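Counting from 1 along the sequence shown, just add 26 to a position and that's the residue number in the numbering used here.
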Amino acid sequence: MQIETLELESFRNYERLRIEPGPGLNVFSGRNAQGKSNLLESIYVLATSKSTRAGKDIELIRFEDPVGRITAHVTREKNSDVALEMIFSQTDKKVARVNGVRHTKLAEVIGQLNAVLFDSGDLEIVRGEPAIRRQFLDLEIAQTSPRYVHALGAYRKTLEQRNRLLRDLRDARGSLDGLREVLPSWSAQLAHHGARLIDRRRLFLERLGLLAAEVHETLSDGRDSLQVVYVPSFPLDGAVDEAGVREAFAEALAAVAHDEMNRGTTLRGPQRDDLTFLVNGSDARLYGSQGQQRTVALSLKLAERQLIEELVGEPPILLLDDVLSDLDDVRRHHLFDLTERAGSQTFLSCTNLRPFSKGVLEQARVYAVSGGK
Ligand code: ATP
Ligand code: MG
Numbered sequence: 027m028q029i030e031t032l033e034l035e036s037f038r039n040y041e042r043l044r045i046e047p048g049p050g051l052n053v054f055s056g057r058n059a060q061g062k063s064n065l066l067e068s069i070y071v072l073a074t075s076k077s078t079r080a081g082k083d084i085e086l087i088r089f090e091d092p093v094g095r096i097t098a099h100v101t102r103e104k105n106s107d108v109a110l111e112m113i114f115s116q117t118d119k120k121v122a123r124v125n126g127v128r129h130t131k132l133a134e135v136i137g138q139l140n141a142v143l144f145d146s147g148d149l150e151i152v153r154g155e156p157a158i159r160r161q162f163l164d165l166e167i168a169q170t171s172p173r174y175v176h177a178l179g180a181y182r183k184t185l186e187q188r189n190r191l192l193r194d195l196r197d198a199r200g201s202l203d204g205l206r207e208v209l210p211s212w213s214a215q216l217a218h219h220g221a222r223l224i225d226r227r228r229l230f231l232e233r234l235g236l237l238a239a240e241v242h243e244t245l246s247d248g249r250d251s252l253q254v255v256y257v258p259s260f261p262l263d264g265a266v267d268e269a270g271v272r273e274a275f276a277e278a279l280a281a282v283a284h285d286e287m288n289r290g291t292t293l294r295g296p297q298r299d300d301l302t303f304l305v306n307g308s309d310a311r312l313y314g315s316q317g318q319q320r321t322v323a324l325s326l327k328l329a330e331r332q333l334i335e336e337l338v339g340e341p342p343i344l345l346l347d348d349v350l351s352d353l354d355d356v357r358r359h360h361l362f363d364l365t366e367r368a369g370s371q372t373f374l375s376c377t378n379l380r381p382f383s384k385g386v387l388e389q390a391r392v393y394a395v396s397g398g399k
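What follows is the structure, encoded as structure tokens:
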């Protein structure tokens, strides 16, 4: 899929902009705070209806203006071409139009345009707390599995109620015996919903891990190997399917029940999952250099790009915000090479053109970004 035209009106620091990006690499170069990230953000927002930076939609509207608008004409291989429009208002809910038809349900708009964004925040997937890695997993899987979203909601509810029960047991509120008797049924429910999450995460990571390892090997010029390891909160041992995971989960809960009642909280389950990224066998979070960490994060995103392509049947758009800074010439060269071969229309931001070879620039469409122009 490809964006033929992109128009912004009162979006962030853009008063008005119209561009016709090329089918391959589009480079947005400029000094700090000129609007490069804002432009990439507008495409991401059009694809997902959400921004990774803005807490509220009104932050997307240009200061003092009443209404902000993003419009794009998108050509697709598997579907007919489509005109997409998203309008944000200071006073009303956002409105999305697909070929001029207004949709209030955003679910009908999401997926018309597929985009994968890599920005500096993604480094946190490697460097940050486990909760960030779990969020990454949930977001990626949710994109392609409504069943997962459902299980996630059900699990959270059950977990909350089970934790409340454990707190009551700890504080010995109410009749203790009656409370203790209901714990096993809550454990069974938790294992039921949780097993679905764990099994899905495991399968997803197997596929993503393989793809990311391939990308990673290319980016690092065959020097570094990447292994993505799923670290659940209890051993999955021989569990081969959801039923097996459920059994293992139930056993793990039974084994810590005493502890849980003392501490007043659930000690096993997907809320305590983590991932480890092994670069040449050692944990990239603890031992990786900045460039290695960035390469891992970038490999995950490029693997995600490929997963989406397999699923949708055509390459999604790639948004690379400020990815070049920590990469050496060799890794940059492989990145350009990979994205070109992937066939994704790519939007890349950078502060200057020095990292680009003449060959890459000749193939690219280059924009100088200055003051929202
Ligand atoms: P850097 O190289 O530092 O990443 P950038 O070109 O990516 O810079 P952007 O993040 O796109 O910069 O932001 C550019 C400017 O947009 C900032 O100075 C910011 O103040 C301004 N800006 C952000 N939101 C709005 C808004 N709603 N209205 C007007 N201006 C805004
Ligand atoms: Mg930026």
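Ideal Cβ positions, reconstructed from N, Cα and C, are used throughout, including at glycine.
Please read these numbers as outputs of a predicted model, since none were measured by experiment.
Practice item. Could I get the ranges of all uninterrupted alpha helix (DSSP H) runs contained in the segment 330 to 371, with 4 residues as the minimum, in chain order? Key: You should have 355 to 368.
**Study point:** Per-residue DSSP class, three states only, for residue 117
**Key:** Annotated three-state conformation of residue 117 is coil, per DSSP.
Exercise for review: Give the range of the alpha helix (DSSP H) segment to which residue 253 is assigned.
Suggested key: Annotation: residue 253 is outside any alpha helix (DSSP H); the continuous beta strand (DSSP E) that includes it extends over 252 to 257.
Check your understanding: Pick out every residue whose C-beta is nearer than 5 Å to a heavy atom of ligand 1: which are they, in chain order?
Key -> Listed along the chain, these residues meet the criterion: 38, 39, 58, 59, 60, 61, 62, 63, 64, 88 and 89.
Practice item. Would you grab the beta carbon distance between residue 142 and residue 367 for me? Rounded to a whole angstrom, and I think it's under 8 Å. Key: In this structure, residue 142 and residue 367 do not form a Cβ contact; the two beta carbons are roughly 16 Å apart against a cut-off of 8 Å.
Review point. Residue 31: buried (16+ other C-beta within 10 angstroms of its C-beta) or exposed?
Key: The residue is exposed, with fewer than 16 neighbouring Cβ atoms inside 10 Å.
Review point. Hey, how far is the Cα of residue 125 from the Cα of residue 108?
Key: Roughly 6 Å between the two C-alpha positions.
Point to revise | For residue 312, the residue or residues it bridges with in DSSP | key: Residue 312 is bridged by DSSP to nothing; it lacks a bridge partner.
Review point. Between residue 348 and ligand 2, is the CB less than 7 Å from at least one heavy atom?
Key: Yes - ligand 2 has a heavy atom lying nearer than 7 Å to the Cβ of residue 348.
Review point. What is the rounded straight-line gap between the Cα of residue 93 and the Cα of residue 78?
Key: Residue 93 and residue 78 have their alpha carbons spaced roughly 20 Å apart.
**Study point:** Whether residue 152 touches residue 75 by CB criterion (8 Å)
**Key:** Contact: no.
Exercise for review: Classify residue 94 as helix, strand or coil using the three-state DSSP reduction.
Suggested key: Here residue 94 sits in strand by DSSP.
Review point. With contact counted as at least three CB pairs below 8 Å, one residue from each stretch, are the segment 316 to 326 and the segment 211 to 230 in contact?
Key: The segment 316 to 326 is not in contact with the segment 211 to 230.
Practice item. State yes or no: is the C-beta of residue 88 within less than 8 Å of the C-beta of residue 37? Key: Yes, the Cβ-Cβ distance between residue 88 and residue 37 is below 8 Å.
Review point. For residue 51, which beta-bridge partners are listed by DSSP?
Key: DSSP lists 372 as the bridge partner or partners of residue 51.
Practice item. With hydrogens ignored, establish whether the beta-carbon of residue 375 is closer than 7 Å to any heavy atom of ligand 3. Key: With respect to ligand 3, the structure offers nothing, as its ligand set consists of ligand 1 and ligand 2.
Practice item. Mind checking which residues open and close the alpha helix (DSSP H) that includes residue 180? Key: Residue range 172 to 196 is occupied by the alpha helix (DSSP H) that includes residue 180.
Review point. Rounded to a whole number of angstroms, what is the C-alpha to C-alpha distance between residue 401 and residue 197?
Key: Residue 401 lies beyond the stretch modelled for the chain, which goes from 27 to 399, so this question has no answer here.
Review point. Three or more C-beta pairs closer than 8 Å, one from the segment 221 to 230 and one from the segment 164 to 173: is that the case here?
Key: At 8 Å Cβ cutoff, the stretches touch.
**Study point:** Closest residue to residue 113 among 202, 98, 353 and 296 (Cα-Cα distance)
**Key:** Of 202, 98, 353 and 296, the residue nearest in Cα terms is 98.
Practice item. Please report how far the alpha carbon of residue 287 lies from the alpha carbon of residue 277, in whole angstroms. Key: Separation of residue 287 and residue 277 (C-alpha to C-alpha, rounded to the nearest whole angstrom) is 16 Å.
Check your understanding: Per DSSP, residue 31 is paired with what?
Key -> Within the DSSP bridge table, the entry for residue 31 names 99 as partners.
Exercise for review: Excluding the 5 residues preceding and the 5 following residue 44 in the sequence, name in chain order all residues of the same chain whose CB lies nearer than 6 Å to its CB.
Suggested key: Non-local C-beta neighbours of residue 44 in its own chain, meaning closer than 6 Å and more than five positions away in sequence, comprise 33, ordered along the chain.
Exercise for review: With residue 143 as the anchor, note down where its beta strand (DSSP E) starts and where it stops.
Suggested key: Residues 141 to 144.
Point to revise | Where the alpha helix (DSSP H) through residue 152 begins and ends | key: Start and end: 149 to 153.
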